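S.K.:
Chains as they are written, first to last, in our numbering: chain A, 235 to 678; chain B, 235 to 678.
(1) Please list the terminal residues of the continuous beta strand (DSSP E) segment that includes residue 564 (chain A).
(2) By the three-class DSSP mapping on this structure, what secondary structure does residue 651 (chain B) have?
(3) Return helix, strand or coil for residue 581 (chain A), following the three-state DSSP convention.
(4) Go through the segment 598-637 of chain B residue by residue and report every complete run of the beta strand (DSSP E) that reaches 3 residues or more, in order.
(5) Taking the straight line between their C-alpha atoms, what separation do you get for residue 247 (chain A) and residue 266 (chain B)?
(6) In the DSSP assignment, find the alpha helix (DSSP H) that holds residue 402 (chain A) and state where it starts and stops.
(7) Any C-beta of chain B sitting closer than 8 Å to the C-beta of residue 272 (chain A)?
(8) Is the beta carbon of residue 572 (chain A) closer than 8 Å to that of residue 255 (chain A)?
(9) Whose C-beta lies closer than 7 Å to the C-beta of residue 239 (chain B) among residues of the same chain, with five residues either side of it excluded?
(10) Name the residue from B:448, B:628, B:574 and B:647 whose alpha carbon lies nearest to the alpha carbon of residue 356 (chain B).
(11) With DSSP run on the structure shown, which of helix, strand or coil describes residue 682 (chain A)?
(12) Which residues in chain A sit within 8 Å of residue 392 (chain B), going by Cβ to Cβ distance?
(13) With C-beta atoms as the reference, is residue 372 (chain A) less than 8 Å away from residue 622 (chain B)?
(14) Specify the secondary structure class of residue 486 (chain A) as computed by DSSP and reduced to three states.
(15) Under the rule that 16 or more other beta-carbon atoms within 10 Å means buried, what is residue 553 (chain A), buried or exposed?
(16) The segment 246-261 of chain B: which residues have C-beta closer than 8 Å to a C-beta of chain A, in chain order?
(17) Any residues in the segment 501-513 of chain A with a beta carbon nearer than 7 Å to a beta carbon of chain B? Which ones, in chain order?
(18) May I have the straight-line CA-CA distance separating residue 451 (chain A) from residue 340 (chain A), to the nearest angstrom?
(19) Verify whether the separation of the beta carbon atoms of residue 509 (chain B) and residue 398 (chain B) is less than 8 Å.
(20) Near residue 413 (chain A), what residues of its chain come up, given a Cβ to Cβ distance below 6 Å and the 5 sequence neighbours on each side ignored?
(21) Do you know how far the Cα of residue 407 (chain B) is from the Cα of residue 440 (chain B)?
(22) Can you tell me whether residue 359 (chain A) is helix, strand or coil according to DSSP?
(23) Decide if residue 448 (chain B) is buried, meaning its Cβ has at least 16 other Cβ atoms within 10 Å, or exposed.
(24) Pull up the DSSP beta-bridge partners for residue 526 (chain A), would you.
(25) With C-beta atoms as the reference, is residue 300 (chain A) less than 8 Å away from residue 351 (chain A)?
(26) Per DSSP, which residues does residue 285 (chain A) bridge with? Please list them.
(27) Name the DSSP bridge partner or partners of residue 591 (chain B)?
(28) Short of 9 Å Cβ to Cβ, which residues in the segment 612-640 of chain A face chain B?
(29) Select from B:364, B:445 and B:458 the residue whose C-alpha is nearest the C-alpha of residue 403 (chain B).
(30) Tell me, please, whether the CB atom of residue 686 (chain B) is closer than 8 Å to any CB atom in chain A?
(31) Any Cβ of chain A within less than 8 Å of the Cβ of residue 489 (chain B)?
(32) Can you find a CB in chain A that lies within less than 8 Å of the CB of residue 355 (chain B)?
(33) Is there a C-beta anywhere in chain A that falls below 8 Å from the one on residue 687 (chain B)?
(34) In the DSSP assignment, what are the bridge partners of residue 345 (chain B)?
(35) From this set, A:253, A:249, A:272 and A:549, which residue's C-alpha is nearest residue 335 (chain B)'s C-alpha?
(36) With DSSP run on the structure shown, which of helix, strand or coil describes residue 263 (chain B)?
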């Protein structure tokens with residue numbers, strides 16, 4: 235490299251998406267967008283850059299550390315969005331004030347977000363989030379709908395085996411209250427969150443030693459978070475077991491009954507029962523995630539992170555307004571999903587769609603080549619011309635490498651008769667074609 | 235506003251895109267992407283954030299000033315991309331080295347870019363660029379193709395009246411050389427660029443006084459840059475006029491002949507002749523834009539900026555590599571186009587697609603509502619349920635505001651019979667419907 239050049243390189247944790255993956259991603263985004271719209275979510279777009287105080291107000295230290303934050307040309311404290319939820323809270327309050335939107339409001343947004351995290355496999359510092367949100371709802375209907383949307387979307391992008399796990403965090407909170415450990419709940423949840431990753435004994439030890447919870451209560455907590463449908467022979471038996479918790483308090487009874495109601499609706503719909511299950515160990519650390527929590531895992535990659543998460547919040551807009559606006563949020567982690575499909579060998583090699591390469595023999599025949607190209611394109615035959623009139627051998631090599639099916643050659647004497655030489659690159663056969671209609675028939 | 239809240243606000247020059255515009259934008263992007271793919275451009279994605287030296291090397295001060303540049307968590311000098319061309323140059327050199335791509339390479343990319351410019355009407359600090367590029371081509375074919383792609387894309391997104399102006403800047407350069415003013419050409423071009431905006435006399439004065447060009451040569455320069463097809467009765471007469479310049483030098487002769495060849499091909503294609511014209515006044519200030527230059531204006535908004543620009547470069551990758559890679563770039567300024575359509579009153583009010591609102595009468599009937607909703611959706615009838623079981627009057631008000639066509643009501647006694655009350659919100663008529671098939675017939 236000459237000292238007059240700059241090294242062509244990317245920042246660590248960022249990446250280029252090459253055509254084969256980009257084509258797959260675009261097709262998926264189209265399907266996701268269509269599915270969201272079919273459930274009547276409306277698209278919106280918010281800026282990548284916001285006032286930093288809009289993004290960080292009341293969020294945990296963890297998020298502050300992950301923020302790409304800087305001063306703009308006028309010394310304003312600004313930051314790249316780390317998610318689309320906080321910008322949506324800002325959007326909602328601001329646009330309600332401006333009377334641009336009215337409640338209830340259902341929106342989706344598919345954009346990139348930025349987090350300064352340790353770059354690792356399946357984790358990038360810039361990634362695409364496909365968010366959909368119900369704003370201003372306390373109804374069970376939105377909980378059922380969220381499961382429907384997740385199910386329909388993943389099915390529509392050709393994912394066949396996945397499980398949507400759900401939990402009502404309120405049950406957990408009230409259970410902790412009953413055990414007189416509510417004020418420790420955030421820390422308990424953080425520890426419990428590790429169950430999938432570390433041994434239960436270690437969690438037990440940590441709860442007793444760090445949080446000073448009695449051995450008896452730790453046992454109860456762990457029994458509770460281990461309540462997973464998959465450990466029961468059927469959903470009925472599972473609900474019989476969790477019904478026991480109804481006796482603990484009136485509030486827990488209400489929340490368990492809500493879960494039963496959600497199931498009652500789900501069972502009537504055309505979603506096979508094995509696609510969703512209750513799992514009391516799903517907690518998520520952050521305190522502002524309340525009520526229902528959803529995580530979706532791929533059955534063939536159970537150790538991978540969730541590919542679709544969702545939560546119901548009570549108070550997200552409280553940063554900006556005193557109005558109480560509750561909502562439900564969910565997001566498909568598209569980049570992770572694409573990586574997973576690749577890992578599973580399920581990502582089809584999407585080739586570029588061109589089928590026929592027209593050899594470029596001489597610049598003086600360019601207009602004939604263009605005319606044929608235009609006609610072929612109008613007949614929906616994906617065609618490309620080689621951009622330079624170089625040696626035919628080089629053009630053949632290119633066609634081969636790019637996996638074209640045919641190469642079309644116009645020799646000088648053929649041009650006068652509007653005839654062609656067509657070579658099939660799969661079997662190597664070459665033939666003369668005497669008119670355009672015949673050409674179209676052979677290429678279709 | 236309470237002192238505990240943060241004001242919900244955006245940065246100046248940034249904006250929210252509300253559903254009605256976002257739906258329009260998504261539909262346009264889909265069409266644009268399809269058109270690019272039909273011409274065999276492959277999509278790629280590069281990071282929003284790059285090393286600053288990758289972006290700024292050899293670019294003018296103007297761009298340095300417009301860059302959102304800052305230090306990341308590890309004190310690396312980084313910046314948000316201000317266009318997609320420089321990142322593509324980095325992408326090309328890096329991925330050729332990694333053998334991820336091969337030449338020739340045709341790619342498109344539709345992403346947002348960031349520029350610290352004076353925020354004004356039709357100009358935002360974050361905006362969407364729809365770029366398509368041919369990499370590694372010196373052929374006239376790519377010049378013809380660029381015009382085809384611009385024409386097809388704008389037609390596909392329902393733009394009916396526009397003009398693609400083209401110029402070969404080499405002709406201009408060699409003409410300046412002939413007049414012994416080549417070393418001043420960059421400044422002459424900057425001044426000439428203002429012709430559309432200020433009076434010709436002022437340009438004349440500036441050229442004579444600031445650039446010390448003789449009165450005679452200034453006359454020649456201005457005569458030259460005023461060569462516009464629109465000032466001639468037809469294209470033939472125009473080419474007769476510019477043929478005179480062939481006598482100036484062998485090089486100018488070659489470039490004029492290239493322009494003639496491009497026209498020779500274009501005339502044979504199905505693009506009406508009034509959609510493109512040669513205009514020698516199109517120059518663009520930046521020195522690295524060489525060869526062919528394209529600008530597309532909307533006929534009904536001639537004073538507006540170009541909605542689609544293109545250039546042929548000789549040496550863009552020279553920042554990163556000593557290889558000589560020439561290419562052609564073009565970009566549709568989508569946000570400007572959307573603003574223009576809105577200005578012209580051509581932007582359709584795209585309503586949300588929901589047609590039927592199912593009233594939410596009582597949470598205990600939710601499963602029936604969901605069952606009907608699922609069935610209607612499977613029959614491709616866009617349906618929505620009201621998220622809360624509130625007063626019917628409130629739900630009617632919502633349906634009206636959101637322009638639903640029908641409201642479907644399930645009274646308690648009707649649920650048992652699987653029958654419905656359907657109200658047409660346009661004419662206010664209300665009727666009982668006795669089975670599901672009848673309901674589908676009435677709604678289709």
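All C-beta atoms, glycine included, are put in the ideal place defined by N, C-alpha and C. It should be emphasised that the depicted structure is a prediction, and the values quoted were computed from it without experimental measurement.
M.R.: With the structure as the only source:
(1) Bounds of the beta strand (DSSP E) holding residue 564 (chain A) are 561-567.
(2) Of the three classes helix, strand and coil, the one that applies to residue 651 (chain B) here is helix, per DSSP.
(3) Coil at residue 581 (chain A), not helix or strand.
(4) You should have 617-619.
(5) Computed Cα separation, rounded: 30 Å.
(6) Residue 402 (chain A): not part of any alpha helix (DSSP H); member of the beta strand (DSSP E) spanning 396-402, first to last residue.
(7) Residue 272 (chain A) has a beta carbon lying within less than 8 Å of a beta carbon in chain B.
(8) Yes.
(9) The answer is none, since no qualifying residue turns up.
(10) Of B:448, B:628, B:574 and B:647, the residue nearest in Cα terms is B:574.
(11) The requested residue 682 (chain A) does not occur in the structure, where chain A is confined to residues 235 to 678.
(12) Within chain A, no C-beta atom comes less than 8 Å from the C-beta of residue 392 (chain B); the nearest is roughly 19 Å away.
(13) Yes, they are a contact pair.
(14) Of the three classes helix, strand and coil, the one that applies to residue 486 (chain A) here is helix, per DSSP.
(15) It is buried - the Cβ of residue 553 (chain A) has at least 16 other Cβ atoms within 10 Å.
(16) Against chain A - using a Cβ distance shorter than 8 Å - the residues of the segment 246-261 of chain B are 248, 249, 250, 251, 252, 253, 256, 257, 259 and 260.
(17) Residues of the segment 501-513 of chain A whose Cβ lies closer than 7 Å to any Cβ of chain B, in chain order: 502, 503 and 504.
(18) Between residue 451 (chain A) and residue 340 (chain A), the C-alpha separation is close to 41 Å.
(19) Their beta carbons are under 8 Å apart, which means residue 509 (chain B) touches residue 398 (chain B) by this criterion.
(20) Sequence-distant Cβ neighbours of residue 413 (chain A) in its own chain, meaning closer than 6 Å and more than five residues away, are 451.
(21) Computed Cα separation, rounded: 19 Å.
(22) For residue 359 (chain A), the three-state secondary structure derived from DSSP is coil.
(23) Exposed, since its Cβ has fewer than 16 Cβ neighbours within 10 Å.
(24) Under DSSP, the beta-bridge partners assigned to residue 526 (chain A) are A:402.
(25) Yes, they are a contact pair.
(26) Answer is A:312.
(27) DSSP output for residue 591 (chain B) lists B:618 and B:641 as bridge partner(s).
(28) Taking 9 Å as the Cβ-Cβ cut-off against chain B, the residues of the segment 612-640 of chain A that qualify are 612, 614, 616, 617, 618, 619, 620, 621, 622, 623, 632, 635 and 636.
(29) That would be B:458, whose Cα lies nearest to the Cα of residue 403 (chain B).
(30) The structure shown does not extend to residue 686 (chain B), since chain B is modelled only from 235 to 678, so the question has no answer here.
(31) Not an interface residue.
(32) It does not; no Cβ of chain A falls within 8 Å.
(33) Outside the displayed span of chain B (235 to 678) sits residue 687 (chain B), for which this structure offers no information.
(34) Beta-bridge analysis with DSSP links residue 345 (chain B) to B:363.
(35) With respect to the C-alpha of residue 335 (chain B), the residue from A:253, A:249, A:272 and A:549 having the closest C-alpha is A:253.
(36) Under the three-state reduction of DSSP, residue 263 (chain B) is assigned to helix.
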